[in-house]
Amino acid sequence: MLRRVTSEHADDARERQEPQASRIALTWNGEPGRREELTHGMLLDQADRAAAALSRLGVRAGDRVAVHLPLVPESVIATLACGRLDAIRTTLPVSLTVPELAARIQESSARVLITADAAFWDGAVRPVKALLDHALARGAASGALKDRKVLVVNRCSRPISWKPTRDLWWHDSLDMPAALR
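Each residue of the sequence shown is one higher than the one before, starting from 71 at the first, in this note's numbering.
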């Protein structure tokens, strides 16, 4: 869903844009010594694939997508994907407690949430999805929406709890063949 230039100078504009596709758009430095770089082209491609994944999950213009991610590249990609769909990104800081997280999820009315399996903070691995799971359980107990989907970004490769009818891996959702998008 890349926007195309439509004018008599379209070919000139595309020629100027193509070199940008290979330039670094995002550099992320994480723990422990992890570094990722995404070019403009890679970032836009992943944003398009994330938008397609969200669309398959029923996200439409005006819908909210709750993002419960540490500062990782997927957070930027989720923001761009929401923009492509005219969906509203709602940020759920990873520092929230379970009661705070449950309240924010309920307030957001988001049917799709994006989280990480875990994250590194100060040299230690901290749970992220586990907190979201507790918050969702708390919300379900109070009668909140139950038909939510959770996209899980694999950042730390740690064992996590999993609900097959609710939880989906981010990378699997983005890697679906174009025919299924």
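Just so it is clear, CB atoms sit at the ideal spot from N, CA and C, and this is done for glycine as well. These numbers come from a predicted model, not from an experiment.
### Task
Answer yes or no: do LEU162 and ALA136 have a C-beta to C-beta separation smaller than 7 Å?
Yes, Cβ-Cβ distance for LEU162 and ALA136 is below 7 Å.
### Query
Whose C-beta lies closer than 8 Å to the C-beta of VAL142 among residues of the same chain, with five residues either side of it excluded?
Cβ within range, chain order: TRP98, GLY100, ALA186, ALA189, VAL223 and ARG225.
### Start and end residues, beta strand (DSSP E) containing TRP98
It spans 94-100 - the beta strand (DSSP E) in which TRP98 sits, taken as one unbroken run.
### Message
If you reduce the DSSP assignment to three classes, tell me which class TRP232 lands in.
### Response
DSSP, read as helix, strand or coil, puts TRP232 in coil.
### Message
So for GLN142, helix, strand or coil by DSSP?
### Response
Note that residue 142 is Val in the sequence shown here, rather than Gln. Annotated three-state conformation of VAL142 is coil, per DSSP.
### Query
Are the Cβ atoms of THR167 and ARG159 separated by less than 7 Å?
Going by beta carbons, THR167 and ARG159 fall outside the 7 Å limit.
### Query
In three-state terms, what does DSSP make of LEU169?
For clarity, residue 169 is Pro in the given sequence; the question names Leu instead. Residue state, collapsed to three classes: helix.
### Cβ separation of ALA180 and ARG105, assumed to be a contact under 8 Å, to the nearest whole Å
At roughly 31 Å, the Cβ-Cβ gap does not stay under 8 Å, so ALA180 and ARG105 are not in contact.
### Task
Just the C-alpha distance for TRP240 and LEU221, rounded to the nearest angstrom, thanks.
Put simply, the backbone Cα of TRP240 is about 5 Å away from that of LEU221.
### Whole-Å CB distance - ALA151 paired with ALA117, under 8 Å assumed
Indeed, because the Cβ distance is near 5 Å, the residues count as touching under 8 Å.
### Query
Taking DSSP as the reference, what is the three-state secondary structure of ASP133?
Look at ASP133 here: in three-state DSSP terms it is coil, with no helix or strand label.
### Query
Helix, strand or coil: which one does DSSP assign to LEU244?
Helix, per DSSP.
### Query
For ALA31, which residues of its own chain have a beta-carbon under 6 Å away from its beta-carbon, when the five flanking residues on both sides are left out?
Lying before the first or after the last residue shown, residue 31 is absent from the chain, which here runs from 71 to 251.
### Message
I'd like the span of the alpha helix (DSSP H) that includes ASP118, first residue to last.
### Response
110-126 is the span of the alpha helix (DSSP H), which, as asked, contains ASP118.
### Message
For LEU206 and ARG218, which I take to be in contact (beta-carbon distance under 8 Å), what is that distance rounded to the nearest angstrom?
### Response
Indeed, because the Cβ distance is near 7 Å, the residues count as touching under 8 Å.
### Message
I need the straight-line Cα distance from ALA200 to LEU171, nearest angstrom please.
### Response
Their backbone Cα atoms lie some 12 Å apart in a straight line.
### Task
Take VAL198 and list the residues in its own chain whose beta-carbon comes closer than 6 Å to its own, dropping the five residues that flank it on each side.
So the qualifying residues of the chain are VAL164, THR185, ALA186, ALA188 and ALA189.
### Task
Starting from ALA210, follow the beta strand (DSSP E) in both directions and report where the run begins and ends.
Following the DSSP letters along the chain, one finds ALA210 in no beta strand (DSSP E) but inside the alpha helix (DSSP H) bounded by residues 199-211.
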